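**Q**
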Ligand SMILES: Nc1ncnc2c1ncn2[C@@H]1O[C@H](COP(=O)(O)OP(=O)(O)OP(=O)(O)O)[C@@H](O)[C@H]1O
Ligand SMILES: [Mg+2]
């Protein structure tokens with residue numbers, strides 16, 4: 029089997045990875061100092077035409093360099109933003125062109141790190157780009173296929189991300205398992221019930237082994253938004269009143285500020301004007317001043333990043349400090365794990381419902397599952413782990429390579445798809 033020109037691409041909401049074959053072995057490629065998982069981030073400096081990617085993009089933005097940072101671009105696929113534009117270097121640019129630039133970076137890294145030109149790739153996709161809308165979901169995959177083709181790949185196939193994760197887990201097994209794969213990333217939660225073994229691995233068609241594949245558009249960026257709306261946006265005036273009335277301040281700007289991929293929509297003169305008006309109307313104008321500081325200084329991603337760090341700390345600690353006083357006076361507060369768990373409780377319930385749907389679709393009971401394999405950054409959330417452990421008390425619970433399982437599995441799958 030020729031594996032020299034094939035590869036795998038995991039274009040993730042938060043992090044991406046790419047893989048190829050070396051001496052017949054699937055391996056992930058390093059993105060310089062970023063390692064094998066590069067943040068899905070892109071920065072367009074105003075004063076230079078050199079676009080930055082990954083950690084470099086985030087660090088240029090954080091250093092205060094003038095320009096535009098974009099993150100969570102995958103969330104745009106299938107959403108209403110797909111046909112919208114944003115301002116980059118004083119030009120209106122479609123969001124799809126920005127995804128194109130990021131994908132081109134992945135392609136260039138993949139091709140330049142291998143001796144043979146990789147032209148055939150398996151690209152990962154969530155089970156649903158969009159929940160409950162097959163047409164939009166198909167459009168999102170088509171859009172991604174066009175982007176991959178324009179980036180220079182001749183042959184592009186897709187694989188569900190949880191199946192890719194299962195394939196990389198399978199390569200480590202010695203006995204047969206009936207596994208539930210749990211892949212919870214930045215944008216989506218995906219599950220597959222699948223029979224895995226070394227023997228089955230050698231089959232080119234695995235349809236009979238995949239008992240069900242389900243997914244829902246809930247991931248770590250939703251946890252960030254829910255935590256932000258509950259614990260941080262109130263520090264900026266959300267939920268506080270309009271003076272001389274019983275009404276509350278309007279919530280839509282807070283919602284955009286708490287949502288990674290909607291942050292760039294706030295950076296315009298009309299929004300600043302609305303915030304000034306809100307401040308004049310507010311019972312607590314000093315809180316709305318913080319909203320003004322964040323939007324005027326374009327610190328939206330800084331804020332979202334600080335919320336995300338609090339969330340990540342709460343996977344290990346009982347409480348964490350949210351602190352952004354350098355950006356706006358008094359903008360800080362303690363957040364407890366209990367508060368975080370209350371903010372995501374309903375989202376976690378939906379994930380557990382999704383697992384039940386997966387079991388029903390597979391026609392197996394929870395007790396039949398011998399192992400639960402976790403991958404994706406958000407699978408570290410303790411509430412989620414507790415809830416899943418409750419459903420599968422007797423299964424073996426295995427943590428995979430959090431950020432690399434999907435990319436490696438897609439590469440392994442490419443050897444089958446392009447055999
Ligand atoms: N220790 C942790 N506890 C909680 N969440 C975490 C932790 N580490 C990372 N995360 C979250 O995991 C998410 C990123 O995970 P990952 O890189 O697997 O996503 P992705 O593959 O880019 O997204 P998707 O597969 O949904 O497109 C982010 O939301 C990040 O905040
Ligand atoms: Mg992922």
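Numbering (my numbering), first residue to last: 29 to 447.
The beta carbon of each residue, even a glycine, is placed where N, CA and C say it ideally should be.
Quantities reported herein were computed from a predicted structural model and do not represent experimental measurements.
1) Can you tell which of 190, 126, 114, 69 has its C-alpha closest to the C-alpha of residue 83?
2) Any heavy atom of ligand 2 closer than 6 Å to the CB of residue 434?
3) For residue 25 versus residue 54, is the C-beta distance shorter than 7 Å?
4) Okay, do the stretch 140 to 155 and the stretch 427 to 446 touch, 3+ Cβ pairs below 8 Å being the bar?
5) Take residue 389 as the anchor and find which of 208, 120, 49, 298 has the nearest alpha-carbon.
6) Tell me which same chain residues have a C-beta within less than 6 Å of the C-beta of residue 34, skipping the five on either side of it?
7) Verify whether the separation of the beta carbon atoms of residue 65 and residue 71 is less than 7 Å.
8) Given that a residue counts as buried once 16 or more other Cβ atoms are within 10 Å of its Cβ, and exposed if not, what is residue 308?
9) Give a single yes or no on whether residue 373 has its beta carbon closer than 6 Å to a heavy atom of ligand 1.
10) Any heavy atom of ligand 2 closer than 6 Å to the beta-carbon of residue 391?
11) Which residues in the same chain as residue 415 place their Cβ atom closer than 7 Å to its Cβ, once the five residues preceding and following it in sequence are excluded?
12) Assuming residue 436 and residue 37 are in contact, meaning their beta carbons sit under 8 Å apart, how far apart are those beta carbons, in whole angstroms?
13) Where does residue 154 sit, in a helix, a strand or coil, going by DSSP?
14) Could you tell me the alpha carbon to alpha carbon distance between residue 311 and residue 342, rounded to whole angstroms?
15) For residue 38, list the residues DSSP reports as bridge partners.
16) Mark residue 346 as exposed unless 16 or more other C-beta atoms lie within 10 angstroms of its C-beta, in which case mark it buried.
17) Taking 6 Å as the cut-off, is the CB of residue 404 close to at least one heavy atom of ligand 2?
18) Please name the residue, chosen from 115, 106, 109, 102, that lies closest to residue 95 on a Cα-to-Cα basis.
19) Can you name, in chain order, every residue of its own chain whose Cβ lies under 6 Å from the Cβ of residue 221, other than the five neighbours on each side?
20) Going by the beta-carbon positions, is the gap between residue 153 and residue 288 smaller than 7 Å?
21) I'd like to know whether the C-beta atoms of residue 56 and residue 432 end up nearer to each other than 7 Å.
22) Cutting at 7 Å between CB atoms, please list the residues of its own chain near residue 112, excluding the five before and the five after it.
23) Since residue 106 and residue 406 are thought to touch, with beta carbons under 8 Å apart, how far apart are those beta carbons, to the nearest angstrom?
24) Beta carbon of residue 213: closer than 6 Å to some heavy atom of ligand 2?
25) Go through its chain and collect everything with a Cβ distance to residue 242's Cβ below 7 Å, but skip five positions before and after it.
26) Is any non-hydrogen atom of ligand 1 found closer than 6 Å to the C-beta of residue 227, if you look at the structure I gave you?
27) In whole angstroms, give me the CA-to-CA distance for residue 251 and residue 353.
28) Residue 26 and residue 426: beta carbons closer than 7 Å?
29) Pull up the CB-CB distance for residue 335 and residue 348, whole angstroms please, since I reckon it's below 8 Å.
30) Per DSSP, what kind of secondary structure is residue 373 in: helix, strand or coil?
31) Using the C-alpha atoms, what's the distance from residue 271 back to residue 328?
32) Relative to the C-alpha of residue 373, which residue among 324, 78, 247 is closest?
33) Tell me whether residue 409 counts as near ligand 1, meaning its Cβ is closer than 6 Å to at least one heavy atom of that ligand.
34) At a cut-off of 6 Å, is residue 82 close to ligand 2 when judged by its beta-carbon and the heavy atoms of the ligand?
35) Which residues in the same chain as residue 52 place their Cβ atom closer than 7 Å to its Cβ, once the five residues preceding and following it in sequence are excluded?
36) What I want to know is whether the C-beta of residue 243 ends up closer than 6 Å to one or more non-hydrogen atoms of ligand 2.
**A** Reading off the structure:
1) 69
2) yes
3) Nothing about residue 25 can be read from this structure; the chain reaches only from 29 to 447.
4) yes
5) 208
6) If you ignore the 5 residues before and after residue 34, its C-beta comes within less than 6 Å of the C-beta of 148, 442, 446, all in its own chain and listed in chain order.
7) Residue 65 is not a Cβ neighbour of residue 71, given a cutoff of 7 Å.
8) With fewer than 16 Cβ atoms within 10 Å of its Cβ, residue 308 is classed as exposed.
9) no
10) no
11) 376, 380
12) No, residue 436 and residue 37 are not in contact; Cβ-Cβ is about 12 Å, not under 8 Å.
13) Residue 154 carries a coil assignment under DSSP once its states are collapsed to helix, strand and coil.
14) 32 Å
15) 45
16) The residue is exposed, with fewer than 16 neighbouring Cβ atoms inside 10 Å.
17) yes
18) Nearest of 115, 106, 109, 102 to residue 95, Cα basis: 115.
19) 208, 239, 240, 386, 390
20) In this structure, residue 153 lies away from residue 288, with their beta-carbon atoms at least 7 Å apart.
21) Yes, the pair counts as a contact, with Cβ atoms nearer than the cut-off.
22) 123
23) Incorrect: roughly 20 Å between the Cβ atoms, too far for contact.
24) yes
25) 155, 219, 382, 385, 386, 389
26) no
27) Going from the Cα of residue 251 to the Cα of residue 353 covers about 23 Å.
28) A query on residue 26 cannot be resolved here, the shown segment of the chain reaching from 29 to 447 and no further.
29) So it is not a contact: roughly 10 Å between Cβ atoms.
30) helix
31) Looking at the two C-alpha atoms, the distance is approximately 27 Å.
32) Of the listed residues, the one whose Cα sits closest to residue 373 is 247.
33) Relative to the non-hydrogen atoms of ligand 1, the Cβ of residue 409 comes within a distance shorter than 6 Å of at least one.
34) no
35) 31
36) no
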